[in-house]
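Everything on this sheet refers to the single structure shown next.
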Ligand SMILES: C[S@@+](CC[C@H](N)C(=O)[O-])C[C@H]1O[C@@H](n2cnc3c(N)ncnc32)[C@H](O)[C@@H]1O
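Residue numbers (this note's numbering): 108 to 391.
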């Protein structure tokens with residue numbers, strides 16, 4: 108009888124192990140990425156309003172290049188049954204995560220999206236009204252020849268009234284080795300790590316880490332090696348790719364005069380700042 112209530116050695120060990128699980132080991136890197144880096148509602152609203160401003164009509168078919176978990180695609184089709192989208196990414200892992208977490212929860216509406224496990228340079232099933240490449244993903248193209256080829260393909264793939272929208276960042280802080288920590292209200296710290304910068308090729312290596320209150324960390328959850336493209340040179344390449352018009356949308360400044368206010372408007376010159384994010388909007 109006494110042995111019945113005695114905990115078994117193996118079980119005891121298992122319980123101990125469970126107790127030792129860190130927050131990092133239980134975390135989902137794609138969920139943390141979406142929370143830290145993406146603002147899907149604002150981005151989709153910006154893209155839809157942009158098209159209306161530029162073309163005077165509603166954009167219906169959307170294409171998200173380097174879509175990863177396809178979060179923008181999901182928010183695009185959530186706008187209504189007439190909205191459709193295609194996402195392109197070469198990695199099945201984030202695509203499958205996005206199907207499970209971002210598309211399946213939309214029910215039947217998920218059928219309005221088509222995800223392609225394909226290179227972003229390949230053509231769409233249907234010519235998009237709006238095509239975008241967000242979070243500087245297209246910076247993996249490191250030569251002018253490769254970038255021009257990608258932009259030409261993007262232009263040719265758009266419908267006749269389509270627009271192509273890319274984001275970029277710049278300012279002197281981009282060229283410093285530094286770590287920037289952001290405390291997220293969800294209870295973890297998002298770390299943007301500019302690990303290395305090489306001035307001759309203008310290339311950088313960056314990582315994303317996630318840190319947790321128990322001291323654990325998802326170290327290098329994501330890593331990127333890219334060329335740091337300048338706004339003016341990207342604008343020139345878009346023009347060389349045959350776009351009829353390329354405009355820059357520059358972010359306004361908050362009341363404190365220190366940070367961006369999240370409102371992007373068409374501007375010609377911009378202003379001096381340590382770090383900025385901007386959009387280039389190219390019309391076919
Ligand atoms: C930084 S993530 C972008 C995630 C998300 N779209 C965003 O805006 O934050 C970059 C993605 O590009 C994908 N990728 C890399 N090379 C690619 C290529 N040649 N064609 C399509 N996708 C590619 C990677 O698999 C990765 O999911």
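Virtual Cβ for every residue (Gly too), placed ideally from N, Cα, C.
Please read all numbers here as calculations on a predicted model, not as lab measurements.
*Can you pull every residue whose C-beta falls closer than 6 Å to some heavy atom of ligand 1, listed in chain order?*
144, 145, 173, 174, 175, 195, 196, 197, 198, 201, 226, 227, 241, 242, 244 and 247
*Short Cβ contact (8 Å threshold) for residue 232 with residue 269*: One-based indexing of the chain shown puts residue 232 at position 125. One-based indexing of the chain shown puts residue 269 at position 162. When the beta-carbon positions are compared, residue 232 and residue 269 stay at least 8 Å from each other.
*Exposed or buried, which one is residue 327 when buried takes at least 16 other CB atoms within 10 Å?*
As a first step, residue 327 is located in the chain shown; it is residue number 220 there, counting from the start. With fewer than 16 other Cβ atoms within 10 Å, it is exposed.
*Which class does residue 305 belong to by DSSP, given the choice of helix, strand or coil?*
The count along the chain shown starts at 1 and reaches residue 305 at position 198. Residue state, collapsed to three classes: strand.
*So, helix, strand or coil for residue 248, using DSSP?*
Taking the first residue of the chain shown as 1, we reach residue 248 at position 141. The answer is coil: DSSP assigns residue 248 none of H, G, I, E or B.
*asked:* I'd like to check one pair, residue 164 with residue 199: are the Cβ atoms closer than 8 Å?
replied: In the chain shown, the residue the question calls residue 199 occupies position 92. In the chain shown, the residue the question calls residue 164 occupies position 57. Their beta carbons are not under 8 Å apart, which means residue 199 does not touch residue 164 by this criterion.
*Is the beta carbon of residue 243 sitting closer than 8 Å to the one on residue 345?*
The count along the chain shown starts at 1 and reaches residue 243 at position 136. The count along the chain shown starts at 1 and reaches residue 345 at position 238. No, these two residues do not count as a Cβ contact at 8 Å.
*Tell me whether residue 254 is buried or exposed, calling it buried when 16 or more other Cβ atoms sit within 10 Å of its Cβ.*
The residue labelled residue 254 in the question sits at position 147 within the chain shown. With 16 or more Cβ atoms within 10 Å of its Cβ, residue 254 is classed as buried.
*Nearest neighbour of residue 386, chosen from 373, 379, 380 and 378 [CA to CA]*: As a working note, residue 386 is residue 279 in the chain shown. Of the candidates 373, 379, 380 and 378, the one whose C-alpha sits nearest the C-alpha of residue 386 is 373.
*According to the neighbour-count rule (16 or more other Cβ atoms, all chains shown, within 10 Å of its Cβ), is residue 306 buried or exposed?*
Sequence index remark: in the chain shown, residue 306 carries index 199 (1-based). Exposed, by the Cβ-count rule.
*Determine the extent of the alpha helix (DSSP H) in which residue 393 is found, giving its start and end residues.*
Not covered by the structure: residue 393. The range shown for the chain is 108 to 391.
*Work out the CA separation of residue 138 and residue 190 for me, nearest whole Å.*
Within the chain shown, numbered from 1, the residue matching residue 190 stands at position 83. Within the chain shown, numbered from 1, the residue matching residue 138 stands at position 31. Computed Cα separation, rounded: 25 Å.
*Rounded to whole angstroms, what's the CA-CA distance from residue 111 to residue 212? Just pull it up for me.*
If you number the chain shown from 1, residue 111 lands on position 4. If you number the chain shown from 1, residue 212 lands on position 105. Confidence at residue 111 is low in this model, with a pLDDT of 38, below 50, so the placement of that residue should be treated as unreliable; the coordinate-derived value is given next. When rounded, the distance between both Cα atoms is 46 Å.
*Identify every run of the beta strand (DSSP E) within the stretch 304-349, keeping only runs that are complete inside it and at least 3 residues long; order them along the chain.*
310-318 and 324-334
*asked:* On the DSSP bridge list, what partners appear for residue 171?
replied: Taking the first residue of the chain shown as position 1, residue 171 is located at position 64. For residue 171, which the question treats as bridged, DSSP gives the partners 194 and 239.
_Same chain, Cβ closer than 6 Å to residue 181, neighbours up to 5 away in sequence not counted_ = Within the chain shown, residue 181 is the residue found at index 74, counting from 1. Cβ neighbours of residue 181 beyond the five flanking positions: 209 and 210.
*asked:* With DSSP as the reference, identify every bridge partner of residue 182, one or two as the case may be.
replied: Locating residue 182 in the chain shown gives position 75, counting from the first residue. According to DSSP, which records beta bridges pairwise, residue 182 is partnered with nothing at all.
_Distance, residue 241 Cα to residue 159 Cα_ = Your numbering for residue 159 matches position 52 in the chain shown. Your numbering for residue 241 matches position 134 in the chain shown. Rounded to whole angstroms, residue 159 to residue 241 spans 20 Å at the Cα level.
*Tell me, to the nearest whole angstrom, how far the beta carbon of residue 220 is from that of residue 188; I am working on the premise that it is less than 8 Å.*
Within the chain shown, numbered from 1, the residue matching residue 220 stands at position 113. Within the chain shown, numbered from 1, the residue matching residue 188 stands at position 81. With 8 Å as the limit, residue 220 and residue 188 do not qualify as a contact, their Cβ atoms being about 12 Å apart.
_With H, G and I counted as helix, E and B as strand and the rest as coil, what does DSSP make of residue 115?_
Numbered from 1 along the chain shown, position 8 holds the residue referred to as residue 115. The predicted model places residue 115 with a pLDDT of 42, which falls under 50 and marks its position as unreliable; any figure quoted below should be read in that light. DSSP, reduced to helix, strand and coil, places residue 115 outside both helices and strands of the structure shown, so it counts as coil.
*Near residue 130, which residues of its chain fall below 6 Å by C-beta distance, leaving aside the five closest residues on each side in sequence?*
Position 23 of the chain shown holds residue 130. Here the set comprises 319, 321 and 323.
*asked:* Please report the straight-line C-alpha distance between residue 148 and residue 339, rounded to a whole angstrom.
replied: Taking the chain shown and counting its residues from 1, one reaches residue 148 at position 41. Taking the chain shown and counting its residues from 1, one reaches residue 339 at position 232. If I take the Cα positions, the gap works out to 28 Å.
*Can you find at least 3 beta carbon pairs, one from the stretch 350-358 and one from the stretch 374-385, that sit closer than 8 Å?*
These segments touch.
*From residue 239 to residue 172, what distance separates their C-alpha atoms?*
The count along the chain shown starts at 1 and reaches residue 239 at position 132. The count along the chain shown starts at 1 and reaches residue 172 at position 65. Distance between the alpha carbons of residue 239 and residue 172: 6 Å.
*asked:* DSSP has residue 211 in a bridge; who is on the other side?
replied: As a working mapping, residue 211 is identified with position 104 in the chain shown. Partner(s): none; residue 211 has no beta bridge.
*Beta-bridge pairing of residue 285 - partner residues as DSSP gives them*: On the chain shown, residue 285 is found 178 positions in, with the first residue counted as 1. In DSSP, residue 285 forms a bridge with 301.
*Quick one: residues in its chain with C-beta nearer than 6 Å to the C-beta of residue 194, no 5 flanking neighbours on either side, listed in chain order?*
Taking the chain shown and counting its residues from 1, one reaches residue 194 at position 87. Taken in chain order, the residues that qualify are 171, 174, 177, 180 and 222.
*Classify residue 388 as buried or exposed, calling it buried when 16 or more other Cβ atoms lie within 10 Å of its own Cβ.*
Counting from 1 along the chain shown, the entry for residue 388 is found at position 281. Burial call: buried.
*asked:* Let's test the definition: count the other Cβ atoms within 10 Å of the Cβ of residue 150 and tell me whether it reaches 16, buried, or not, exposed.
replied: Working through the chain shown from its first residue, we reach residue 150 at position 43. Label assigned to residue 150: buried.
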